[in-house]
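Engineer: Protein chains in written order, with the UniProt record's numbering: chain W, 1 to 337; chain Z, 1 to 337. Ideal Cβ positions, reconstructed from N, Cα and C, are used throughout, including at glycine. Remember, it's a predicted structure, so these values are computed and weren't measured experimentally.
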DNA sequence: CCCCTCGACTGAACCGGTCCAGTGACCCTC
DNA sequence: GAGGGTCACTGGACCGGTTCAGTCGAGGGG
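1) Quick one: Cα of residue 228 of chain Z to Cα of residue 54 of chain Z, how far?
2) Is there a Cβ from chain Z that is less than 8 Å from the Cβ of residue 81 of chain W?
3) Please list the residues of the region 231-256 of chain Z that have a C-beta atom closer than 7 Å to any C-beta atom in chain W, keeping them in chain order.
4) Tell me which residue opens and which closes the alpha helix (DSSP H) that residue 88 of chain W is part of.
5) So if I threshold CB-CB distances at 7 Å, which residues from the region 117-137 of chain Z count as touching chain W?
6) Is there at least one Cβ from chain Z nearer than 8 Å to residue 102 of chain W's Cβ?
7) Less than 8 Å between C-beta atoms, sequence neighbours within five positions excluded: which residues of the same chain meet that for residue 286 of chain W?
8) Run through DSSP, which three-state label would residue 147 of chain W get?
9) Which residues mark the beginning and the end of the alpha helix (DSSP H) in which residue 298 of chain Z is found?
10) By the three-class DSSP mapping on this structure, what secondary structure does residue 102 of chain W have?
11) Cα separation between residue 248 of chain W and residue 261 of chain W?
12) For residue 185 of chain Z and residue 178 of chain Z, what's the separation of their Cα atoms in angstroms?
13) Could you tell me which chain Z residues have their CB closer than 7 Å to the CB of residue 50 of chain W, listed as they occur along the chain?
14) Could you tell me which chain W residues have their CB closer than 8 Å to the CB of residue 3 of chain Z, listed as they occur along the chain?
15) Listing by chain order, which chain W residues have their CB less than 7 Å from the CB of residue 265 of chain Z?
16) Pop quiz: residue 4 of chain Z and residue 38 of chain Z are said to be a contact at Cβ under 8 Å. What is the actual Cβ separation, rounded to whole angstroms?
17) So which residues of chain W does residue 225 of chain Z contact, with C-beta pairs closer than 7 Å?
18) According to DSSP, which residues form a beta bridge with residue 248 of chain Z?
19) Please confirm if the region 85-99 of chain W is in contact with the region 155-167 of chain W, defined as three or more CB-CB distances below 8 Å between the two stretches.
20) Alpha carbons only, please: which of W/272, W/103, W/2 is nearest the one belonging to residue 343 of chain W?
21) Run through DSSP, which three-state label would residue 335 of chain Z get?
22) Could you tell me the boundaries of the alpha helix (DSSP H) in which residue 282 of chain Z lies?
23) For residue 183 of chain Z, which of helix, strand or coil comes out of DSSP?
24) Find the nearest neighbour of residue 110 of chain Z within the set Z/137, Z/125, Z/90, judged by alpha-carbon distance.
25) Give a yes or no on whether 8 Å exceeds the smallest Cβ distance from residue 56 of chain W to chain Z.
26) Is it true that the CB of residue 197 of chain Z sits closer than 8 Å to the CB of residue 226 of chain Z?
27) For a minimum of 4 consecutive residues, which ranges assigned as the alpha helix (DSSP H) are wholly contained in the region 12-66 of chain W?
28) Have a look at Z/49, Z/65, Z/90, Z/105 and flag the residue whose alpha-carbon is nearest the alpha-carbon of residue 69 of chain W.
29) Comparing alpha-carbon positions, which option in Z/35, Z/166, Z/7, Z/82 lies nearest residue 302 of chain Z?
30) Taking residue 284 of chain Z as the reference, which of Z/144, Z/124, Z/251, Z/141 has the closest Cα?
31) State the start and end residues of the unbroken beta strand (DSSP E) segment that holds residue 198 of chain Z.
32) Leaving out five residues before and five after residue 107 of chain Z in sequence, what residues of the same chain have Cβ atoms less than 7 Å from its Cβ?
33) Would you kindly check if the distance between the Cβ of residue 34 of chain W and the Cβ of residue 10 of chain W is under 8 Å?
34) Do residue 66 of chain Z and residue 100 of chain Z have their C-beta atoms closer together than 8 Å?
35) Look at the alpha carbon of residue 211 of chain Z and the alpha carbon of residue 203 of chain Z, and state the distance between them as a whole number of angstroms.
36) Assuming residue 165 of chain Z and residue 324 of chain Z are in contact, meaning their beta carbons sit under 8 Å apart, how far apart are those beta carbons, in whole angstroms?
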């Protein structure tokens, strides 16, 4: 039950290996009649190209890599990555590219994985996510010479191709909306402070609040888990200058925050308005349903994959600014009582 | 900036390619001194084996495949897959195996992906998930001769190696617990009826209820989304013989059901007890926190990966029964009022 | 001192493709 | 009808490893 090779096809068709190769790859050098005959035989005996042999000739590996550097328990929590992956996938599979996925413990391991993949010729490029401030991976990847697309703000991407969305605009839209509703004390429950998008949102939040002349606008940093989201909310709601609106950096913390508010006998939205970053079924399932910043995450992933494939093809690529998150209002935001 | 090959090492060390190959693979045929010299040079010039070249010699691809056949929007919803993947990953990366992931639209596409991966020599095996009743994929994969581990009950796995957990036992434990609390009218909001684990749970639910002499124990099937979970709950709670306890097949539907109950001014757990299948941060974040059937999903994935690697290594493997889901009680279950 | 064995190493075939330099056959043109 | 060009196809080198059949020299035994 050996797998058929082009040599088998060549023998059956009574031509040389070279002719078969031309025929199967749609290249000139064979007559249409011969090509049809060869294709028929190939089809009949169930021939598939051996990628290893193809790759050996300096061809593409036809795969791209994604190493995720988050502990398993956080990965499961947020729909973000799964949606991102399915978006990336949609683009890749349309071009018959495979996605190599690995979950790693830290950035060092992540770089080791990229180095191995690239060194072994397993991938043609990679997507870098969760950029940190002064991320050490950027210069390292630049040095490797591997085609890489970065999901994150251009300011952190060095010479790599960034795919990003304007988080600052989304923060501004949200705060301005809350202020228009009459809120003056707005807080932000943020994610990991070392992530570059966290600091970008933090800065935007501070700037907008200051620009609108709001009172103290506290920011609390968390690790994105529901527990820390709940703790942060409890602390904010226990302060003497209690905020009337809280903007959360993900959905799970927003839901946790909602529970805390209800536990403390606060009415949402009358006593407290809540906005979550990233929509998910979760946000629509709770009462009241949450006002959210909506992103098309699969599209985000698809765009990144597109850019990466272009980069691999040697097409010069410029940064891609994706659509900014849009505010979708639901029952969790209202004028303060 | 060509990647170094063993020929480069051979030249620098003044030996033949063959000797370098022996040295780098820890095989006999070279002296320890030469081996050390070769390793030092390989290390210094940053040599990595080209897997394509290795694979060409009939060696392993050092990758396994996973094709997920669910629409993107469902994938993001449940933490299940992400946790499963991270568990699989943990096992694979310890053995330097890569995971090839692809999200597909239907089973036909899924088989196409497996066929391509296997035919192209990209993977050494695969993991099959979401088994259906009389799943057409099982005989097809059997015919391909690809090593495959199935996540699901042995009865649906044909000659493939199953990795499974005793869902029936978990159903029994749950129902018996609810009955012990005093419940007589228990309902089940199930997932997709064509999935084999759904039918197994359905049957167990019916058997246990009948065995305990309970009244009508309705089962409603859904597509796992919060919307359908909410609809099903609304219907159940509107019936004249309203159940006093509902067991949901996933966490998102349980949370949706909780919201519906609260909307209908029912107190959870006094008027309605709720149990969710699979724990997640979500279950702990809502009020009251949900009683759940806990599984160690990453471990489940890791076991599947282990079995698959053993299968690939030609070690004979038998079915693996994983730990049954355990009931973790929280505030959403209590004696009926 | 010769033969044998064994360890260390070489040279080349091989895996399954790609692709380039040739080779005829045929047609067109002046 | 000779010269030139194109088309269809062949043969073989090549990619970067693995592996096997040898070669060579040192060491040991009789």
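Structural biologist: Reading off the structure:
1) 50 Å
2) yes
3) Listed by position, the residues of the region 231-256 of chain Z near chain W (Cβ gap below 7 Å) are 252, 255, 256.
4) 79-94
5) 119, 120, 121, 122
6) Residue 102 of chain W counts as touching chain Z.
7) 255, 258
8) coil
9) Run containing residue 298 of chain Z: 297-312, per the alpha helix (DSSP H) assignment.
10) strand
11) 13 Å
12) Straight across, the Cα-Cα distance linking residue 185 of chain Z with residue 178 of chain Z is about 10 Å.
13) 120, 121
14) 119, 121
15) Within 7 Å Cβ-Cβ: nothing; residue 265 of chain Z doesn't reach chain W, min ~12 Å.
16) That pair is no contact at about 12 Å.
17) Per Cβ cutoff of 7 Å: 281.
18) Z/189, Z/276
19) no
20) Outside the displayed range of chain W (1 to 337) lies residue 343 of chain W, so it cannot be described from this structure.
21) coil
22) 281-285
23) coil
24) Z/137
25) yes
26) no
27) Runs found: 17-24, 32-44, 51-56.
28) Z/90
29) Distances from the alpha-carbon of residue 302 of chain Z to those of Z/35, Z/166, Z/7, Z/82 put Z/82 closest.
30) Z/251
31) Note, residue 198 of chain Z: premise wrong, no beta strand (DSSP E); alpha helix (DSSP H) at 196-211.
32) 69, 136, 137
33) no
34) yes
35) 12 Å
36) About 5 Å separates the beta carbon of residue 165 of chain Z from that of residue 324 of chain Z, a gap short enough to meet the 8 Å contact definition.
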